[in-house]
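Have a look at the structure below before the remarks.
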Amino acid sequence: MKISATIALVLSQCITESYAFSSQIQNRINSVARVSSAPTTLFADVTDTDTPQPTPTPRPSEGMEIEHEEPEDAILHIAPKAMIRLRELQKQSGDEIVLRMGVRNGGCSGLSYVMDFSTRDKIEEDDAVDEYTSEKIVCVVDAKSMLYLYGLELDYSDELIGGGFKFFNPNAEESCGCGSSFGV
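With mature numbering (1 follows the signal peptide of the UniProt record, and there is no 0) applied, the sequence shown corresponds to residues -20 to -1, 1 to 164, in that order.
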(Lines of atoms letter the chains of each structure in order from A and count residues from 1; the text may use other names and numbers.)
(Lines give C-alpha, C1' and ligand atoms only; values in the text may rest on other atoms or scores of the structure.)
Protein backbone atom coordinates (compact mmCIF):
# COMPACT_ATOMS: atom_id res chain seq x y z
CA MET A 1 0.00 0.00 0.00
CA LYS A 2 2.85 2.40 0.78
CA ILE A 3 4.39 1.78 -2.65
CA SER A 4 1.11 2.63 -4.41
CA ALA A 5 0.78 5.84 -2.41
CA THR A 6 4.37 6.82 -3.26
CA ILE A 7 3.81 6.13 -6.94
CA ALA A 8 0.60 8.13 -6.87
CA LEU A 9 2.40 11.05 -5.19
CA VAL A 10 5.24 10.97 -7.74
CA LEU A 11 2.77 10.83 -10.63
CA SER A 12 0.83 13.70 -9.14
CA GLN A 13 4.01 15.81 -8.90
CA CYS A 14 4.98 14.92 -12.45
CA ILE A 15 1.58 15.92 -13.77
CA THR A 16 1.66 19.19 -11.80
CA GLU A 17 5.18 20.03 -13.04
CA SER A 18 4.22 19.06 -16.57
CA TYR A 19 1.15 21.30 -16.40
CA ALA A 20 3.27 24.18 -15.05
CA PHE A 21 5.79 23.63 -17.85
CA SER A 22 2.98 23.51 -20.43
CA SER A 23 1.58 26.75 -19.01
CA GLN A 24 5.01 28.40 -19.33
CA ILE A 25 5.25 27.29 -22.94
CA GLN A 26 1.71 28.50 -23.68
CA ASN A 27 2.46 31.88 -22.04
CA ARG A 28 5.61 32.22 -24.17
CA ILE A 29 3.68 31.38 -27.34
CA ASN A 30 1.01 33.94 -26.45
CA SER A 31 3.59 36.67 -25.79
CA VAL A 32 5.29 35.99 -29.11
CA ALA A 33 1.93 36.04 -30.87
CA ARG A 34 1.12 39.43 -29.30
CA VAL A 35 4.47 40.89 -30.39
CA SER A 36 4.07 39.72 -33.96
CA SER A 37 0.44 40.59 -34.54
CA ALA A 38 1.16 41.53 -38.15
CA PRO A 39 -0.09 39.00 -40.67
CA THR A 40 2.57 36.69 -42.01
CA THR A 41 2.90 35.29 -45.50
CA LEU A 42 4.65 32.22 -46.73
CA PHE A 43 6.22 33.96 -49.69
CA ALA A 44 7.86 37.36 -49.30
CA ASP A 45 7.51 39.90 -52.07
CA VAL A 46 10.63 39.83 -54.21
CA THR A 47 10.80 43.64 -54.22
CA ASP A 48 10.54 43.85 -50.42
CA THR A 49 13.73 45.68 -49.38
CA ASP A 50 13.00 45.53 -45.64
CA THR A 51 13.49 41.78 -45.50
CA PRO A 52 17.19 40.84 -45.46
CA GLN A 53 17.99 38.47 -48.29
CA PRO A 54 20.68 35.81 -47.95
CA THR A 55 23.77 36.52 -49.99
CA PRO A 56 25.53 33.62 -51.69
CA THR A 57 29.03 32.84 -50.49
CA PRO A 58 31.43 34.08 -53.15
CA ARG A 59 34.02 31.74 -54.54
CA PRO A 60 37.58 32.63 -53.56
CA SER A 61 38.53 33.71 -57.10
CA GLU A 62 35.25 35.46 -57.89
CA GLY A 63 35.92 38.81 -59.52
CA MET A 64 39.56 38.06 -60.35
CA GLU A 65 40.65 38.23 -63.94
CA ILE A 66 41.93 35.01 -65.43
CA GLU A 67 45.70 35.22 -65.64
CA HIS A 68 46.27 32.07 -67.65
CA GLU A 69 45.08 30.44 -70.81
CA GLU A 70 43.20 27.21 -70.40
CA PRO A 71 43.73 24.38 -72.86
CA GLU A 72 41.02 24.03 -75.46
CA ASP A 73 38.28 21.69 -74.17
CA ALA A 74 39.87 21.56 -70.70
CA ILE A 75 38.81 18.72 -68.41
CA LEU A 76 38.69 20.98 -65.41
CA HIS A 77 39.00 24.69 -64.90
CA ILE A 78 41.66 26.15 -62.65
CA ALA A 79 40.55 29.42 -61.06
CA PRO A 80 43.07 32.30 -60.76
CA LYS A 81 43.73 31.84 -57.03
CA ALA A 82 44.30 28.11 -57.52
CA MET A 83 46.71 28.80 -60.38
CA ILE A 84 48.61 31.30 -58.23
CA ARG A 85 48.92 28.70 -55.46
CA LEU A 86 50.04 26.02 -57.94
CA ARG A 87 52.70 28.41 -59.24
CA GLU A 88 53.91 28.98 -55.65
CA LEU A 89 54.14 25.23 -55.10
CA GLN A 90 55.98 24.88 -58.40
CA LYS A 91 58.55 27.49 -57.34
CA GLN A 92 59.06 25.68 -54.03
CA SER A 93 59.67 22.35 -55.77
CA GLY A 94 61.73 23.83 -58.58
CA ASP A 95 60.22 21.41 -61.10
CA GLU A 96 57.31 21.27 -63.48
CA ILE A 97 54.12 20.38 -61.62
CA VAL A 98 51.99 17.45 -62.74
CA LEU A 99 48.73 17.79 -60.83
CA ARG A 100 46.93 14.44 -60.64
CA MET A 101 43.20 14.68 -59.88
CA GLY A 102 40.87 11.79 -59.24
CA VAL A 103 38.08 10.36 -57.10
CA ARG A 104 37.88 7.38 -54.79
CA ASN A 105 35.14 5.69 -52.80
CA GLY A 106 34.66 7.16 -49.36
CA GLY A 107 33.89 10.39 -47.61
CA CYS A 108 30.61 11.68 -46.19
CA SER A 109 28.75 11.65 -49.51
CA GLY A 110 30.12 8.51 -51.17
CA LEU A 111 33.02 9.76 -53.30
CA SER A 112 35.95 11.92 -52.27
CA TYR A 113 38.36 14.03 -54.28
CA VAL A 114 41.99 12.97 -54.59
CA MET A 115 44.64 15.50 -55.51
CA ASP A 116 48.34 14.74 -55.67
CA PHE A 117 51.49 15.94 -57.37
CA SER A 118 53.31 13.62 -59.69
CA THR A 119 55.90 13.56 -62.46
CA ARG A 120 55.55 13.28 -66.23
CA ASP A 121 56.91 9.73 -66.29
CA LYS A 122 53.93 8.57 -64.18
CA ILE A 123 51.31 9.71 -66.70
CA GLU A 124 49.40 6.64 -67.93
CA GLU A 125 48.35 6.05 -71.54
CA ASP A 126 44.62 6.36 -70.78
CA ASP A 127 44.98 9.51 -68.61
CA ALA A 128 43.43 12.73 -69.87
CA VAL A 129 46.02 15.53 -69.88
CA ASP A 130 45.56 19.32 -69.83
CA GLU A 131 48.74 21.35 -70.32
CA TYR A 132 48.99 24.94 -69.13
CA THR A 133 52.10 25.70 -71.14
CA SER A 134 52.70 29.28 -70.02
CA GLU A 135 52.66 28.15 -66.36
CA LYS A 136 54.41 24.82 -67.01
CA ILE A 137 51.65 23.06 -65.12
CA VAL A 138 50.13 19.81 -66.32
CA CYS A 139 46.80 18.51 -65.03
CA VAL A 140 46.13 14.78 -65.29
CA VAL A 141 42.85 12.93 -64.67
CA ASP A 142 42.63 9.15 -64.78
CA ALA A 143 40.05 7.58 -67.10
CA LYS A 144 37.78 6.30 -64.30
CA SER A 145 37.55 9.75 -62.69
CA MET A 146 36.82 11.63 -65.94
CA LEU A 147 33.08 10.98 -65.66
CA TYR A 148 32.96 12.62 -62.23
CA LEU A 149 35.45 15.47 -62.71
CA TYR A 150 34.70 16.80 -66.19
CA GLY A 151 33.86 20.51 -65.81
CA LEU A 152 35.09 20.74 -62.20
CA GLU A 153 36.42 24.14 -61.11
CA LEU A 154 39.45 24.02 -58.85
CA ASP A 155 39.82 27.12 -56.69
CA TYR A 156 41.92 28.06 -53.69
CA SER A 157 41.08 29.85 -50.45
CA ASP A 158 43.70 31.27 -48.13
CA GLU A 159 41.28 31.53 -45.20
CA LEU A 160 42.73 30.58 -41.83
CA ILE A 161 39.87 28.19 -41.10
CA GLY A 162 38.70 26.03 -44.00
CA GLY A 163 41.34 27.27 -46.42
CA GLY A 164 42.98 25.20 -49.12
CA PHE A 165 41.99 23.92 -52.52
CA LYS A 166 38.22 24.02 -53.14
CA PHE A 167 36.24 21.91 -55.58
CA PHE A 168 33.15 23.17 -57.40
CA ASN A 169 31.72 20.20 -59.26
CA PRO A 170 28.77 20.61 -61.65
CA ASN A 171 28.32 16.81 -61.72
CA ALA A 172 27.76 16.49 -57.96
CA GLU A 173 24.15 16.04 -56.88
CA GLU A 174 25.12 16.39 -53.22
CA SER A 175 28.19 17.55 -51.37
CA CYS A 176 29.30 17.39 -47.77
CA GLY A 177 29.90 20.45 -45.62
CA CYS A 178 33.67 20.14 -45.75
CA GLY A 179 33.61 20.09 -49.55
CA SER A 180 35.99 17.18 -49.92
CA SER A 181 33.39 14.58 -50.85
CA PHE A 182 30.36 14.40 -53.10
CA GLY A 183 27.65 12.12 -54.41
CA VAL A 184 26.19 11.59 -57.89
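Where is the CB? At the ideal position from N, CA and C, for every residue including glycine.
{"Query": "On the three-state DSSP scale, how would you describe Asp96?", "Result": "strand"}
{"Query": "So, for Leu69: in the same chain, excluding its five sequence neighbours on each side, which residues have a beta-carbon less than 8 Å away from its beta-carbon?", "Result": "Ile77 and Phe97"}
{"Query": "Excluding five sequence neighbours on each side, which residues of the same chain lie with their C-beta closer than 6 Å to the C-beta of Ile131?", "Result": "The sequence shown places Gly at residue 131, rather than the Ile named in the question. So the qualifying residues of the chain are Pro150."}
{"Query": "Can you tell me whether DSSP reads Leu132 as helix, strand or coil?", "Result": "coil"}
{"Query": "On the DSSP letters alone, give me the boundaries of the alpha helix (DSSP H) that Ala62 sits inside.", "Result": "Pro60 to Ser73"}
{"Query": "Is it the case that the Cβ atoms of Met95 and Leu56 are separated by a distance below 8 Å?", "Result": "no"}
{"Query": "Should Ile58 be labelled buried (16 or more other beta-carbon atoms within 10 Å of its own) or exposed?", "Result": "buried"}
{"Query": "Please report the distance separating the alpha-carbon of Arg65 from that of Asp110.", "Result": "17 Å"}
{"Query": "Can you name, in chain order, every residue of its own chain whose Cβ lies under 6 Å from the Cβ of Leu79, other than the five neighbours on each side?", "Result": "Cys119"}
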